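Counting from 1, position 46 in the sequence shown corresponds to residue 46 in the UniProt record's numbering; the numbering is continuous, with no gaps. As structure tokens, the structure follows; a few thoughts come after it.
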Amino acid sequence: MAAWRAASGVAAGAAGGAAGDGDSAADGSPAASAPTVVDRTTLALAVRYSLQLLAERAPGGTVEVRVPPFAAVQCVEGPKHTRGTPPNVIETDAATWLSLATGSLAWADARDAGRVHASGQRADLEGLLPVLRG
1 MAAWRAASGV AAGAAGGAAG DGDSAADGSP AASAPTVVDR TTLALAVRYS LQLLAERAPG
61 GTVEVRVPPF AAVQCVEGPK HTRGTPPNVI ETDAATWLSL ATGSLAWADA RDAGRVHASG
121 QRADLEGLLP VLRG
């Protein structure tokens with residue numbers, strides 16, 4: 001996670017993700033002047049680790065969180081899904097997920113900007129993020 005934060009310009013313990021906080025551009029993405037190169041192995045490890053933390057924080061099988069091509073987890077207590085496409089799916093790219101996981105982007109801001117695709121009545125991570133602090 002530290003390597004991703006350094007490469008993306010996300011400060012440890014960043015919160016909010018509002019424009020003008022010094023860590024995000026106006027669209028909620030990491031600051032434009034920050035280097036964006038991080039190797040695929042580091043990116044995959046950061047995504048998998050942070051998704052594992054989410055699954056530990058909210059155990060269950062009601063919501064499937066997908067960050068292709070790196071990982072997917074089922075989480076949130078409630079009816080467990082076992083076959084076919086889950087009724088509650090959240091999908092996003094790795095950079096958006098890691099920004100959410102570290103608190104540099106707020107869940108509502110990511111949804112409003114179309115950076116997160118969530119379908120289903122329970123497809124909501126408000127209150128569960130960030131999973132990493134400081």
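All C-beta atoms, glycine included, are put in the ideal place defined by N, C-alpha and C. Note that this is a predicted model, so its numbers are computed, not measured.
The alpha carbon of T92 has as its nearest neighbour, out of G114, A7, G84 and L129, the alpha carbon of G114.
Comparing alpha-carbon positions, the option among H117, V73 and S99 lying closest to R133 turns out to be S99. When DSSP states are grouped into helix, strand and coil, Q121 belongs to the coil group. The Cβ neighbour count for S119, taken over all protein chains shown within 10 Å, is under 16; the residue is labelled exposed. Taken atom to atom, the span from the alpha-carbon of L129 to that of W97 is near 10 Å. Using a Cβ-Cβ distance cut-off of 8 Å, the stretch 101 to 114 and the stretch 65 to 83 are not in contact, since fewer than three pairs of beta carbons, one from each stretch, lie closer than that value. The beta carbon of A94 lies closer than 7 Å to those of L43, V47, V67 and F70 in the same chain, with the five residues before and after it left out. Ranking A55, A7 and A72 by CA distance to the CA of D39 puts A7 first.
DSSP links Q74 through a beta bridge to E64. Here the alpha carbons of A123 and L54 stand approximately 14 Å from one another. If you ignore the 5 residues before and after R57, its C-beta comes within less than 7 Å of the C-beta of L128 and V131, all in its own chain and listed in chain order.
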